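In my numbering, the protein residues as written are -4 to 200.
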């Protein structure tokens, strides 16, 4: 069991992307359009700190760096649009006024070392998976489906997991790999910038 601590939305920085932006599905995307279930990927990290430390220090940087990353991977914060007109092909749409991915922070009493062991039962990972919201319907009967949701689960004083649930129609494994490379890069840059600001402040005083 997990306890949800925070539920929020994370979007690309405002004003950096044209809105609306639409992307047609390619011939390589189309087969995945019929995949009913989202793809799920879990990443585990050692984190020997209490939950309140994560919330106060790590989480703000994590969310800000995610926002910066999404400006380069904006389809992840977009929606899959299925027009009511069968003659119009589905497409990906980004609207700055409404589009953001769901970001959940949770806490778990699970044994981190057990979760990362080779003999792990996959069912124990299910509470770490975010809920990718179901589709909604616009006034013109167009279906709108979120593309990605993220859940960060803290196991106090031992580790944390980051789980992504996403529609394969928007990205393949390589794209997700690049996304997960960019995100820590921006986080590291943000941490370095804050350290430099602190050192400059101390020097000035």
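C-beta: ideal position from N, C-alpha, C; glycine also. Since we're looking at a predicted model, the values are computed, not measured.
Check the DSSP bridge columns for residue 225 and list the partner residues they point to.
The requested residue 225 does not occur in the structure, where the chain is confined to residues -4 to 200.
Helix, strand or coil, according to DSSP, for residue 169 in the structure here?
What you label residue 169 is simply residue 174 of the chain shown in a count that begins at 1. Helix.
From what residue to what residue does the alpha helix (DSSP H) around residue 56 run?
Position 61 of the chain shown, counted from the first residue, corresponds to residue 56. Element bounds for residue 56: 54 to 65.
Alpha carbons only, please: which of 178, 157, 131 and 109 is nearest the one belonging to residue 40?
Within the chain shown, residue 40 is the residue found at index 45, counting from 1. Closest option to residue 40, Cα to Cα, is 157.
Residue 135, DSSP secondary structure in three states
Sequence index remark: in the chain shown, residue 135 carries index 140 (1-based). Looking at residue 135 - three-state DSSP - the assignment turns out to be coil, as it is neither helix nor strand.
Please identify the residue among 169, 149 and 175 whose C-alpha is closest to the C-alpha of residue -3.
Taking the first residue of the chain shown as 1, we reach residue -3 at position 2. Checking every option, the nearest Cα to that of residue -3 belongs to 149.
Could you tell me which residues DSSP puts in a beta bridge with residue 89?
On the chain shown, residue 89 is found 94 positions in, with the first residue counted as 1. Per DSSP, 16.
From which residue to which residue does the alpha helix (DSSP H) around residue 108 run?
Residue mapping note: residue 108 aligns to position 113 of the chain shown, counting from 1. Note, residue 108: alpha helix (DSSP H), 107 to 110.
Based on the DSSP output, what are the partners of residue -3 in its beta bridges?
Residue -3 sits at position 2 when you count from the first residue of the chain shown. Beta-bridge pairing links residue -3 to 103.
Using the C-alpha atoms, what's the distance from residue 133 back to residue -1?
For the purposes of this step, residue -1 is taken as the residue at position 4 of the chain shown. For the purposes of this step, residue 133 is taken as the residue at position 138 of the chain shown. Those two C-alpha atoms are separated by around 29 Å.
Who are residue 76's beta bridge partners in DSSP?
Here residue 76 refers to the residue found at position 81 of the chain shown. Answer by DSSP bridge pairing, in chain order: 86 and 139.
Compare the beta carbon distance of residue 42 and residue 180 with 7 Å and say whether it is the shorter of the two.
As a first step, residue 42 must be located in the chain shown, where it is residue number 47. As a first step, residue 180 must be located in the chain shown, where it is residue number 185. It is not a contact, given that the beta carbons lie outside the stated cut-off.
Alpha carbon of residue 189 to alpha carbon of residue 136, nearest angstrom:
The residue given as residue 189 occupies position 194 in the chain shown. The residue given as residue 136 occupies position 141 in the chain shown. The predicted model places residue 189 with a pLDDT of 47, which falls under 50 and marks its position as unreliable, so this point remains unresolved.
With a Cβ-Cβ cutoff of 7 Å, do residue 151 and residue 64 count as a contact?
As a position in the chain shown, residue 151 is number 156, starting the count at 1. As a position in the chain shown, residue 64 is number 69, starting the count at 1. No. Outside cutoff.
Which residues in the same chain as residue 119 place their Cβ atom closer than 8 Å to its Cβ, once the five residues preceding and following it in sequence are excluded?
Locating residue 119 in the chain shown gives position 124, where the first residue counts as 1. Closer than 8 Å at Cβ, skipping near neighbours: 105, 109 and 110.
DSSP on residue 46, reduced to helix/strand/coil?
The residue labelled residue 46 in the question sits at position 51 within the chain shown. In the structure shown, residue 46 sits in a helix (DSSP, three-state: H, G or I).
My guess is that residue 124 and residue 35 are in contact by the Cβ rule of under 8 Å, so how many angstroms apart are they, rounded?
If you number the chain shown from 1, residue 124 lands on position 129. If you number the chain shown from 1, residue 35 lands on position 40. The Cβ separation is near 5 Å, so the contact holds.
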